[in-house]
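Numbering (this note's numbering), first residue to last: 6 to 145.
The beta carbon of each residue, even a glycine, is placed where N, CA and C say it ideally should be.
Given the structure is predicted, the values throughout are model-derived calculations rather than measurements.
Reading through the structure tokens given below for one structure.
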Amino acid sequence: MAKKLAIIVSDFNDEITGKMERVAVEEAKKAGAQVVKAMHVPGAYDIPLIAKKMAERKDVDAIVALGAIIKGETGHDKVIAVACAKSLSEISLETGKPVMFGVIGPGATHEQAQKRAEGQAKRAVQGAIKMLGALKELQK
């Protein structure tokens, strides 16, 4: 049976995250996984709420969160990244479903984020599929 993924994409820095979404969908197809739902949110800070709702769905096996948090003049990028990562980890532990942190940053420049976008998206999808395999193995 195909693994069913949900993808959540931050629209902030959408020239980067749009590419990440396209790469993630293609990577899922290559791996034989089905993207049952893709949703966009305003920014990385907003990803966890939708991730929680997606994790509650019976037709979703794993969630892939995609975003790009670019370094600014203050430490705001670190606050956003830590809040997002911590919340996604908690959702995964609470629901027993993999929630992959495919978010670039903190501390990345716009140029660095553009260079990392493809790899980050691919690794997030691959990680979701590997985690589903690991969870299945534990059931044996």
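{"Query": "Coarse secondary structure for Q144, derived from DSSP in three states", "Result": "coil"}
{"Query": "Those residues which DSSP pairs with I74 across a bridge", "Result": "BP columns for I74 are empty, so no partner."}
{"Query": "For V46, the three-state DSSP class (helix, strand or coil)", "Result": "strand"}
{"Query": "Local conformation of V130 per DSSP, three classes", "Result": "helix"}
{"Query": "Validate contact between the region 82-93 and the region 22-36 using beta carbons, cut 8 Å, 3 pairs", "Result": "no"}
{"Query": "Within 7 Å, strictly: CB atoms of V65 and A7", "Result": "no"}
{"Query": "Candidates A33, G112, L98, of which the one nearest V3 by Cα", "Result": "Residue 3 lies beyond the range of the chain shown here (6 to 145); nothing can be said about it."}
{"Query": "Under 7 Å between C-beta atoms of A49 and V104", "Result": "no"}
{"Query": "Separation of I21 from R121, as counted between CA atoms", "Result": "9 Å"}
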